[in-house]
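> This structure is in structure tokens; I'll ask about it shortly.
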Amino acid sequence: MTRFQFRYPPALPSLILLVLLLSACLPSRASTAKQIQQQEAQSTQAALFVQTEIGRGSLTPTSSPIPPATQTPVPPAATPTPAASATPAPLSARITPLPGLALYTHPEIPDYIFQIDPEGWEKDPSGETADLVHKTIANCQIESVPGHGLAAPQRYFWQDLGQFRWEIMDYGAYAYAVPVLGYVLSGPGGSFLHLQGYNRRTCRNAQEDVLADLLTNSQVDAQVRFVPFPSPTDRPALDGFTCPNTPPARLRIGDYVSVTTDGLWLRSEPRADTSTKIRQFLRYPPYRIRVIGGPVCEKYAYWQVEVGEFGEGGQTIQGWLAEGDSEEYYLLPVK
Numbered sequence: 002m003t004r005f006q007f008r009y010p011p012a013l014p015s016l017i018l019l020v021l022l023l024s025a026c027l028p029s030r031a032s033t034a035k036q037i038q039q040q041e042a043q044s045t046q047a048a049l050f051v052q053t054e055i056g057r058g059s060l061t062p063t064s065s066p067i068p069p070a071t072q073t074p075v076p077p078a079a080t081p082t083p084a085a086s087a088t089p090a091p092l093s094a095r096i097t098p099l100p101g102l103a104l105y106t107h108p109e110i111p112d113y114i115f116q117i118d119p120e121g122w123e124k125d126p127s128g129e130t131a132d133l134v135h136k137t138i139a140n141c142q143i144e145s146v147p148g149h150g151l152a153a154p155q156r157y158f159w160q161d162l163g164q165f166r167w168e169i170m171d172y173g174a175y176a177y178a179v180p181v182l183g184y185v186l187s188g189p190g191g192s193f194l195h196l197q198g199y200n201r202r203t204c205r206n207a208q209e210d211v212l213a214d215l216l217t218n219s220q221v222d223a224q225v226r227f228v229p230f231p232s233p234t235d236r237p238a239l240d241g242f243t244c245p246n247t248p249p250a251r252l253r254i255g256d257y258v259s260v261t262t263d264g265l266w267l268r269s270e271p272r273a274d275t276s277t278k279i280r281q282f283l284r285y286p287p288y289r290i291r292v293i294g295g296p297v298c299e300k301y302a303y304w305q306v307e308v309g310e311f312g313e314g315g316q317t318i319q320g321w322l323a324e325g326d327s328e329e330y331y332l333l334p335v336k
């Protein structure tokens, strides 16, 4: 039997030794696979953590989509919208009525705000008008009417109520009233307040309470502020004029005046003489009287005046009125 002897090539032992050395330096296939699995698991866990933190958001449920996890620059603080551009607040939010009173605005005179006692006054229950009607005093009302073509009243005077000086035209069973401060009641043709039942004291007192508490929208919006007139009007004496045994002259040219005494004569000349008498006035005569000249000292301090009658066909006459004597004033400046 023939035997064969296998011999390695001369360089083969060295090659085998090199392979063994390299195998010893490299990790095993199992070890490498395990490390790869661990790395993949760590990467997956990190990605899951990032996704979880991004998607966590607010604890409050929301239907908005989740924004990406990118850094957004912080915008500058927003400038608040000026109050003037906002919708005007309702009346109840702009003013608080006096205790026990309620606010009321008449649609025909919206610039004025009434403060009324809800136990005494109400809007016309018939629904035919928006006028104020007293609940317990019969035929006692406050109405808005046009102020044109008024006939001559029985009495014409000014009265200080609240913050206004009121021009009162008294016709007996009723009266017209309008505030005198350069602010007329708004509405078509300029409205007056018609005071029905004015001749009865209980009704008149209730009406005067309403007039005394009247406000304006301009006031509520802090655009104007009124200072009540003192009554009677205090005014310093006229400089450079004196008249013995008469009170200090306090009138000025351009004043409107009210006669506050009975029996005062309008005279054609500034002189107390029978021949100068034109017309005798009782207290609060139904005329508009305006000072246009004077004064002249002739026993009294006389002022030249223009007297205007009421009504569309009313005439205007001129004359002289004495301002007063040593005890009292006859004329009261009203505006």
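Under this note's numbering, residue 336 is the last one in the sequence shown; the count climbs by one each step, no gaps.
C-beta: ideal position from N, C-alpha, C; glycine also.
1. Pick out whichever of 238, 275, 310 and 287 has its Cα sitting closest to the Cα of residue 324.
2. Could you tell me which residues DSSP pairs with residue 280 in its beta bridges?
3. Smallest Cα separation from residue 348: which of 140, 307 and 256?
4. Buried or exposed for residue 110, going by 16 or more other Cβ atoms inside 10 Å?
5. Check whether the stretch 239-248 and the stretch 260-279 touch, using three or more Cβ-Cβ pairs below 8 Å as the test.
6. For the pair the stretch 194-213 and the stretch 162-176, tell me if three or more CB-CB distances fall below 8 Å.
7. Let's test the definition: count the other Cβ atoms within 10 Å of the Cβ of residue 251 and tell me whether it reaches 16, buried, or not, exposed.
8. Within a Cβ cutoff of 7 Å, which residues of the same chain sit near residue 287, ignoring the five residues on either side of it in sequence?
9. Contact check, residue 133 vs residue 114 under 8 Å by CB: the rounded distance?
10. Quick check on the DSSP output: the alpha helix (DSSP H) that includes residue 168 runs from which residue to which?
11. Comparing alpha-carbon positions, which option in 330, 316 and 289 lies nearest residue 303?
12. Quick one, which of 332, 316, 203 and 105 has its alpha-carbon nearest residue 137's?
13. So, with DSSP's three-state summary, where would you put residue 212?
14. When you compare only the Cα positions, how much space is there between residue 112 and residue 216?
15. Beta carbon of residue 207, beta carbon of residue 121: below 8 Å?
16. Taking just the CA atoms, how far does residue 285 sit from residue 102?
17. Since residue 133 is in the beta strand (DSSP E), which residue starts that stretch and which ends it?
18. With the cut-off set at 8 Å, would you say residue 267 and residue 308 are in Cβ contact?
19. How many angstroms separate the CA atom of residue 161 from the CA atom of residue 167?
20. Of the residues 291, 146, 179 and 144, which one's Cα is nearest the Cα of residue 159?
21. Compute the distance between the beta-carbons of residue 306 and residue 292, then report whether it is under 8 Å.
22. Can you give the beta carbon distance from residue 256 to residue 334, rounded, assuming they're within the 8 Å contact cut?
23. Tell whether a beta-carbon distance below 8 Å holds between residue 269 and residue 254.
24. Sorted by chain position, which residues of the same chain lie with C-beta nearer than 7 Å to residue 295's C-beta, five sequence neighbours on each side aside?
25. Tell me which same chain residues have a C-beta within less than 6 Å of the C-beta of residue 107, skipping the five on either side of it?
26. In the structure shown, what three-state DSSP assignment does residue 62 receive?
27. Which same chain residues end up closer than 7 Å to residue 299 when comparing Cβ atoms and leaving out the 5 residues on each side of it in sequence?
28. To the nearest angstrom, report how far apart residue 264 and residue 236 are at their CA atoms.
29. Checking the sheet assignment: what are the DSSP bridge partners for residue 259?
30. So what does DSSP say about residue 327, is it helix, strand or coil?
31. The beta strand (DSSP E) spanning residue 117 covers which residue range?
32. Where residue 210 and residue 143 are concerned, what is the direct C-alpha to C-alpha distance, given to the nearest angstrom?
33. Out of curiosity, what's the CA-to-CA distance linking residue 320 and residue 332?
34. Expressed to the nearest angstrom, what Euclidean distance is found between the alpha-carbon atoms of residue 125 and residue 98?
35. Keeping to the same chain, check which residues put their C-beta closer than 6 Å to that of residue 119; ignore five residues upstream and five downstream.
On the basis of the supplied data:
1. 238
2. 267
3. This structure cannot speak to residue 348, because the chain is shown only from 2 to 336.
4. Under a 10 Å Cβ-count criterion, residue 110 is classified as buried, with 16 or more other Cβ atoms of the shown protein chains found around its own Cβ.
5. no
6. In the pairwise beta carbon analysis, the stretch 194-213 is classified as touching the stretch 162-176: at least three pairs are separated by under 8 Å.
7. With 16 or more other Cβ atoms inside 10 Å of its own Cβ, residue 251 counts as buried.
8. 153, 154, 155, 156, 157 and 311
9. In fact, because the Cβ distance is near 13 Å, the residues do not count as touching under 8 Å.
10. Taken as a continuous stretch (DSSP letters only), residue 168 belongs to no alpha helix (DSSP H), being part of the beta strand (DSSP E) at 165-171.
11. 330
12. 203
13. helix
14. 9 Å
15. Against a cut-off of 8 Å, the Cβ pair of residue 121 and residue 207 comes out as a contact.
16. 33 Å
17. Taken as a continuous stretch (DSSP letters only), the beta strand (DSSP E) holding residue 133 covers 133-135.
18. yes
19. 6 Å
20. 179
21. yes
22. 5 Å
23. no
24. The beta carbon of residue 295 sits closer than 7 Å to those of 303, 304 and 305, all from its chain and outside the five residues before and after it, given in chain order.
25. 131 and 145
26. Confidence at residue 62 is low in this model, with a pLDDT of 41, below 50, so its placement is unreliable and the value that follows should be read with caution. Three-state result, residue 62: coil.
27. 271 and 272
28. 25 Å
29. 333
30. coil
31. 113-117 is the span of the beta strand (DSSP E), which, as asked, contains residue 117.
32. 12 Å
33. So the alpha carbons of these two residues sit roughly 14 Å apart.
34. 21 Å
35. 103
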